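Asker: Heads up: the sequence shown begins at 0 in numbering that gives the first Met the number 0, then just goes up one per residue. Built from N, CA and C at the ideal position, the CB exists for glycine as well. It should be emphasised that the depicted structure is a prediction, and the values quoted were computed from it without experimental measurement.
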Amino acid sequence: MTQQTQQPQPQPEDIRIRILTLLENQSGKFLSGEQIGKILGVSRNAVWKHINHLKKYGYEIQSVSNKGYCMTPQEAVYNGHEIAKRLKRPAEVHFMDNVDSTNNVAKQMMHQGCGPGNVVVALEQTAGKGRLGRQWNSSGGKGVWLSYCLRPTFSIEKIGLVTLAGACAVCELLIEQGFDAGIKWPNDILIHGKKVCGILTETVFEETRIDFVVVGVGLNMSQTKEDFGPDLENSATSLRIESGKNVNMSVMAAALIDQLQLYFSYLEKGETKKIIDCWKSYSITLGRTILTTINGKKEPVMALDIRQDGALTVRKQDGTITDIISGEILLD
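#1: Does ASN51 come out as helix, strand or coil in the three-state DSSP assignment?
#2: Which whole-angstrom value describes the C-beta separation of ILE153 and LEU238, a residue pair presumed to lie in contact below a C-beta threshold of 8 Å?
#3: Only counting the same chain, and skipping five residues up and downstream in sequence, which positions put a Cβ closer than 8 Å to that of VAL313?
#4: Determine the DSSP secondary structure at ILE14, reduced to helix, strand or coil.
#5: Tell me whether ASN186 sits in a helix, a strand or coil according to DSSP, three-state version.
#6: Inspect the CB distances between the region 225-238 and the region 185-198 and report whether three or more fall short of 8 Å.
#7: What does a CB cutoff of less than 8 Å around VAL76 pick up in its chain, not counting 5 residues either side in sequence?
#8: Smallest Cα separation from LEU172: which of LEU39, LEU160, ILE190?
#9: Out of GLU123, VAL161, ILE188, point me to the one whose CA is closest to LEU264's CA.
#10: Using CA coordinates, which residue listed in ILE328, LEU259, MET109 is at the minimum distance from GLU205?
#11: Sorted by chain position, which residues of the same chain lie with C-beta nearer than 7 Å to TRP278's C-beta, five sequence neighbours on each side aside?
#12: So, at 6 Å on beta carbons, what are the nonlocal neighbours of ASP96 in its own chain, with the 5 sequence-adjacent residues on each side left out?
#13: Output the boundary residues of the alpha helix (DSSP H) element that contains GLU174.
#14: Do you know whose CA, among LYS297, GLN307, LYS315, GLN316, lies nearest ILE328's CA?
#15: If you measure between the beta carbons of ILE275 and ALA90, is that distance less than 8 Å?
#16: Do you know how far the Cα of THR20 is from the Cα of LEU131?
#17: GLU81 lies in the alpha helix (DSSP H); which residues open and close that run?
#18: Leaving out the 5 sequence neighbours to the left and right, which residues in its chain are closer than 7 Å to ILE14 when beta-carbon positions are compared?
#19: In angstroms with no decimal places, state the Cα-to-Cα distance between LEU332 and LYS157.
#20: Between the beta-carbon of GLY286 and the beta-carbon of ASN219, is there less than 8 Å?
#21: Between VAL216, VAL92, ASN245, which lies nearest to SER100 when the distance is taken from Cα to Cα?
#22: In the DSSP assignment, the alpha helix (DSSP H) including LYS277 goes from what residue to what residue?
#23: So, with DSSP's three-state summary, where would you put THR321?
#24: Count the other CB atoms, across all protein chains shown, that sit within 10 Å of the CB of VAL213; report buried if there are 16 or more and exposed otherwise.
#25: Looking at the structure shown, is HIS110 part of a helix, part of a strand, or coil, going by DSSP?
#26: How long is the line joining the alpha carbons of CYS148 and ASP317, rounded to whole angstroms?
#27: Whose C-beta lies closer than 6 Å to the C-beta of SER325 among residues of the same chain, with five residues either side of it excluded?
#28: Start and end of the beta strand (DSSP E) containing MET95?
#29: If you reduce the DSSP assignment to three classes, tell me which class PRO151 lands in.
#30: Answer with buried or exposed for THR223, where buried requires no fewer than 16 other C-beta atoms within 10 angstroms of its C-beta.
#31: Taking the Cβ atom as the reference point for each residue, do ILE60 and LEU22 lie within a distance shorter than 8 Å?
#32: May I ask you to report which of helix, strand or coil DSSP gives LEU131?
#33: Taking 8 Å as the threshold (C-beta atoms), are ASN117 and GLU201 in contact?
#34: For ILE35, write down the residues that DSSP places opposite it in a beta bridge.
#35: Report the partner residues of ILE60 according to the DSSP bridge assignment.
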């Protein structure tokens, strides 16, 4: 007797995504639970349970006896399905409700052999990472918190450009959306002098080559001034504060992932000039007096140029020229 191989059972999340796709394709028409069950190979009761789960996550699905289910167009729902269906370029989106840090999750995935183009997105981070060891406030549903995974083929000398490419991607997207955004070296995105987005790049090396890079992006979306509190209200902002309205989270997350892919592809293709030129055009640092720390001493310097490796060229008060490779600057 031939033994039949048992087929793996579909995961609940996969079934829910397929239900959403079926209802979306109905364009507002009803589809019965029996029809959905036959298509997916599950019982009507299972369909009912999955529908109720989707309702809890914000999907507006009508349930009418003898007619079935109908879904109205979704605007405010934020999850992996809503992000993935809006992507123009292929990417694997891993959406999680709550993590300590999307960068930590992404690094763990990469250590386990995950490929490039994977993106970890979280509704909330309990220990979001900022530059220089700071914590990034990542309240649930208040912003786009994501980490993009790279396995670069370019040389180790270009690693500094990853951060600049990420900054260009975010800044260009916000400008296209009508925001007056600019880049403060190396990768802070500001609107009207206040920080709306931060980027943290973490790199793991394998001897003399790059094993992988994780680029974390924290974009403030729907915070109010009260959310930031007295410590941050004068230095931080959100798209809601700047526009006076809420911006669709799924639309913005998908557009951001597409934009990151585009700029990281420039690096892979060796088109570094595009990144440098873009960064210069969006810079609010070059040509200004800035405050920085050199040899342990804070001093004002003039920001002159950006090097091919991402370092900032400055002129000191005594006229000497030097380069800042890392650290923090303050705009005068």
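Answerer: A quick look at the data gives this:
#1: helix
#2: The residue asked about is misnamed: residue 153 is Phe in this sequence, not Ile. So it is not a contact: roughly 32 Å between Cβ atoms.
#3: ILE289, THR291, VAL300, MET301, ALA302, LEU303, ILE320, THR321, ASP322, ILE323
#4: helix
#5: coil
#6: yes
#7: TYR56, GLY57, TYR58, SER249
#8: ILE190
#9: What sits at residue 264 in the sequence shown is Ser, not Leu. Selected option, being the one with the closest Cα: VAL161.
#10: MET109
#11: LEU163, ALA166, CYS167, ILE182, ILE305
#12: LEU122
#13: Just to set this straight, residue 174 is Ile in the shown sequence, not Glu. Counting along the chain, the alpha helix (DSSP H) containing ILE174 begins and ends at 159-175.
#14: LYS297
#15: no
#16: In this prediction, LEU131 scores a pLDDT of 48, lower than 50, which makes its location untrustworthy; the coordinate-derived value is nonetheless stated afterwards. Approximately 43 Å between the Cα atoms of the pair.
#17: 79-83
#18: LEU39, VAL41, HIS49
#19: Limits of the chain in this structure are 0 at one end and 331 at the other, which puts residue 332 out of reach.
#20: no
#21: VAL216
#22: Position check: residue 277 holds Cys in this sequence, whereas Lys was assumed. That run of the alpha helix (DSSP H) goes 271-281.
#23: strand
#24: buried
#25: helix
#26: 43 Å
#27: none
#28: 91-98
#29: coil
#30: exposed
#31: yes
#32: Here LEU131 scores only 48 on pLDDT, less than 50, and its place in the model should not be relied on; the value that follows carries that caveat. LEU131: helix per DSSP, three-state reduction.
#33: no
#34: The partner list for ILE35 (beta bridge, DSSP) is empty, contrary to what the question assumes.
#35: MET70
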